[in-house]
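Numbering (our numbering), first residue to last: 2 to 432.
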Amino acid sequence: MYVDELLLYRKSKFQEIIRNINWIYDNYDNEYYNDEDKKNLLFDTVSDIFKISAEYGLWGNLWHGMLTLLIADNENVYSLAAEFRTLSKGSIRNIAEHDFTLIKKMFDYDFTKVEEKFDINIISILENYDRKDETGNIFDKEIEEKLHKVSIALSKSLDVKSFADITETFYAEYGVGKFGLHKAFAISKETVSSEIYIEPITYVESNKLSDIIGYDRQKEKLIANTEAFIQGKAANNVLLFGDSGTGKSSSIKAIMNEYYSKGLRLIEVYKHQFKELSAVIRQIKDRNYKFIIYMDDLSFEDFELEYKYLKAIIEGGLGERPKNVLIYATSNRRHLIREKFSDKPSLEDDLHIRDTVQEKLSLAARFGVTIYFASPDKREFEKIVRELSIRYNIDMLENELFAEANKWELMHGGLSGRTAVQFIAHLLGNI
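Following this line, the structure appears as structure tokens:
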């Protein structure tokens with residue numbers, strides 16, 4: 002069976018399913034085995050493929066889609082070298098071509114005789130599956146479409162060389178494994194071994210910067226820093242601060258969506274996980290992606306000491322922060338750490354009060370770019386409401402729309418972009 006002869010691509014979460022298809026294809030007319038047992042195995046395996054296709058959002062030829070997942074999700078010495086564009090022709094390419102010879106044979110399976118043998122047509126459905134507008138639970142629609150295109154290209158490859166060329170181009174453009182197939186990640190810690198894992202977030206918001214109405218200057222500043230980072234130029238850590246509901250978090254998520262195709266990835270880290278940042282950075286520093294470590298709603302009470310770990314990571318530790326890592330944070334506080342009147346020199350309760358104040362201020366100072374998001378005034382708020390109403394085809398007279406919006410914001414958190422979105426959702430829910 003071909004799957005058991007693979008070298009680089011031997012281990013896969015789909016290995017058992019592929020092995021079953023291999024066995025059925027090789028033995029469907031072998032009289033040594035009972036036909037009913039073969040048929041039952043075929044039905045069970047095809048059922049498993051349909052389940053996986055629903056989970057991963059595959060369509061078209063599901064068999065080809067599964068083999069494409071085998072290639073796209075497998076981190077090995079060849080795929081990682083191709084991701085880094087450091088692949089040279091030699092033994093590793095020869096080993097890869099050995100595997101691609103086998104995988105291409107599986108791509109080229111003709112199941113017509115299998116269907117004729119058992120007088121069924123379920124494999125035809127497997128090869129021409131229409132999911133309509135359904136999406137899976139693992140990847141974003143953008144990633145599903147990317148995998149679908151690669152699957153079609155691989156199925157049309159004429160020989161092993163072209164098959165390998167398509168695969169290498171895919172790795173060079175998008176990468177491999179979890180970092181190649183996902184946009185956003187969270188970190189977790191294994192209880193027994195204390196090992197740190199970077200886990201994909203399987204579904205993320207698909208908002209774009211154009212969805213955020215207003216704040217053009219703020220978005221331009223964020224875009225300029227991010228593009229410099231993507232291009233390998235000097236770039237700064239960024240702090241987005243200001244009033245709640247003004248689009249700080251949405252702007253960072255939108256940046257992730259805008260620049261995913263250029264190798265940008267987002268890792269969300271919470272305050273209680275700051276001790277693990279060094280371990281996270283060790284795992285990502287040698288990958289061919291640009292990583293933003295994202296900290297949402299960042300602030301500290303004066304008794305919380307986690308900010309010291311963050312200071313060391315941002316700047317000041319013995320190890321150099323990798324050039325493919327930046328920190329983007331949002332906060333309602335400009336200086337991040339709570340300050341008290343007792344911090345003022347006139348109310349000294351600390352022998353070295355100036356040193357204490359400077360330590361608190363130094364964290365925010367380590368973000369080279371700070372971007373202020375203020376709540377909109379009434380006129381700006383009404384502009385946001387009007388543009389959202391147009392976007393969602395709400396048919397109301399402008400005076401009536403603004404009157405209702407103003408009543409809504411008085412009872413639901415005041416003037417902000419978030420309040421405007423919630424008001425439009427309220428209208429849509431009552432149409």
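Note that beta-carbon positions come from the ideal geometry of N, C-alpha and C, so glycine has one too.
Keep in mind the model is a prediction, meaning the values are calculated, not measured.
Alpha-carbon to alpha-carbon, residue j and residue i
{"i": "Val386", "j": "Leu299", "result": "28 Å"}
{"i": "Glu277", "j": "Lys286", "result": "14 Å"}
{"i": "Val281", "j": "Ile124", "result": "44 Å"}
{"i": "Ser1", "j": "Ser13", "result": "Residue 1 cannot be examined here, being either before or after the span of the chain that is shown, 2 to 432."}
{"i": "Tyr3", "j": "Glu56", "result": "25 Å"}
{"i": "Ile188", "j": "Arg266", "result": "13 Å"}
{"i": "Phe275", "j": "Tyr373", "result": "24 Å"}
{"i": "Ser152", "j": "Leu81", "result": "20 Å"}
{"i": "Ile202", "j": "Asn35", "result": "44 Å"}
{"i": "Lys40", "j": "Lys118", "result": "10 Å"}
{"i": "Glu76", "j": "Ile121", "result": "37 Å"}
{"i": "Phe403", "j": "Glu410", "result": "10 Å"}
{"i": "Leu352", "j": "Ser251", "result": "Note on Leu352: pLDDT 46, under 50, position unreliable in the model; the coordinate value appears next. If I take the Cα positions, the gap works out to 43 Å."}
Candidates the options, of which the one nearest residue i by Cα
{"i": "Asn431", "options": "Met412, Asp396, Gln219", "result": "Asp396"}
{"i": "Gly233", "options": "Leu148, Ser195, Lys324", "result": "Lys324"}
{"i": "Lys150", "options": "Tyr3, Gly66, Thr87, Asp160", "result": "Gly66"}
{"i": "Ile18", "options": "Glu37, Phe275, Asn122, Phe51", "result": "Phe51"}
{"i": "Glu256", "options": "Gly215, Lys220, Phe403, Tyr26", "result": "According to the sequence provided, residue 256 is Ile. The question's Glu does not apply to it. Closest by alpha carbon: Lys220."}
{"i": "Phe101", "options": "Glu169, Ala404, Glu146, Ser390", "result": "Glu169"}
{"i": "Leu442", "options": "Gly181, Asp212, Ser189", "result": "As displayed, the chain neither begins before 2 nor continues past 432, which places residue 442 out of reach and without an answer."}
{"i": "Glu401", "options": "Gly418, Glu383, His413", "result": "Glu383"}
{"i": "Leu416", "options": "Ser158, Ser195, Glu200, Gly248", "result": "Gly248"}
{"i": "Leu182", "options": "Thr46, Asn333, Leu71, Arg132", "result": "Leu71"}
{"i": "Leu8", "options": "Tyr34, Ser48, Asp120, Tyr79", "result": "Tyr79"}
{"i": "Leu428", "options": "Gly91, Glu405, Leu411, Gly178", "result": "Glu405"}
{"i": "Arg283", "options": "Glu196, Leu223, Arg367, Glu32", "result": "Glu196"}
Integer-rounded CB distance, given that residue j should sit under 8 Å from residue i
{"i": "Phe108", "j": "Leu155", "result": "6 Å"}
{"i": "Val115", "j": "Ile25", "result": "7 Å"}
{"i": "Gly58", "j": "Gly137", "result": "3 Å"}
{"i": "Leu240", "j": "Ser332", "result": "7 Å"}
{"i": "Asn237", "j": "Asn226", "result": "6 Å"}
{"i": "Leu327", "j": "Phe230", "result": "6 Å"}
{"i": "Tyr295", "j": "Glu269", "result": "5 Å"}
Same chain, Cβ closer than 7 Å to residue i, five either side skipped, listed in chain order
{"i": "Gly317", "result": "Bear in mind that the predicted position of Gly317 carries a pLDDT of just 49, short of 50, making it too unreliable to give a figure here."}
Cβ-based neighbour list, residue i, same chain, cut-off 6 Å, excluding 5 preceding and 5 following
{"i": "Lys184", "result": "Val205, Met257, Tyr261"}
{"i": "Tyr290", "result": "Phe180, Gly264, Arg266"}
Spatial neighbours of residue i in its chain, beta-carbon cut-off 8 Å, leaving aside the 5 residues before and after
{"i": "Ala173", "result": "Ala83, Glu84, Arg86"}
{"i": "Lys147", "result": "Tyr175"}
{"i": "Asn129", "result": "Gly61, Asn62"}
{"i": "Ile96", "result": "Leu8, Leu9, Tyr79"}
Any non-hydrogen atom of the ligand GTP closer than 7 Å to residue i Cβ
{"i": "Met257", "result": "Summarising the ligand content, the structure contains no ligands, and the ligand GTP is consequently not present."}
_Threshold first: 3 residues or longer. Then list the beta strand (DSSP E) segments lying entirely within the segment 227 to 313, N to C._
As far as the segment 227 to 313 is concerned, its whole beta strand (DSSP E) runs of at least 3 residues are 239 to 243, 265 to 269, 291 to 296.
*Of all the beta strand (DSSP E) runs that stay within the bounds of the segment 55 to 111, which reach a length of 3 or more residues?*
none
*Which ranges does the beta strand (DSSP E) cover as unbroken runs of at least 3 residues, wholly within the segment 141 to 166, from first to last along the chain?*
none
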